[in-house]
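In the working numbering, the protein residues as written are 13 to 71.
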């Protein structure tokens, strides 16, 4: 999952040209979500459900 996040941040930087501050914010948000997913035993992005997303948003 870490490599996927790195690839996404790289895409945002190169293809979308987002600012360093925006990239930092996105990366922090993704890392927090990733930590939450680890806590609920989700091991891959393919396993993430709508319930996982809602659980994170409401936490």
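For each residue, glycine too, the CB sits at the ideal point set by N, CA and C.
Could you have a look at residue 17 and say whether DSSP puts it in helix, strand or coil? helix
Which word fits residue 66, buried or exposed, when buried means at least 16 other C-beta atoms lie within 10 angstroms of its C-beta? exposed
Spatial distance of residue 21 from residue 39 (CA atoms): 7 Å
Residues in its own chain within less than 7 Å of residue 30 by CB, not counting five upstream and five downstream? 24
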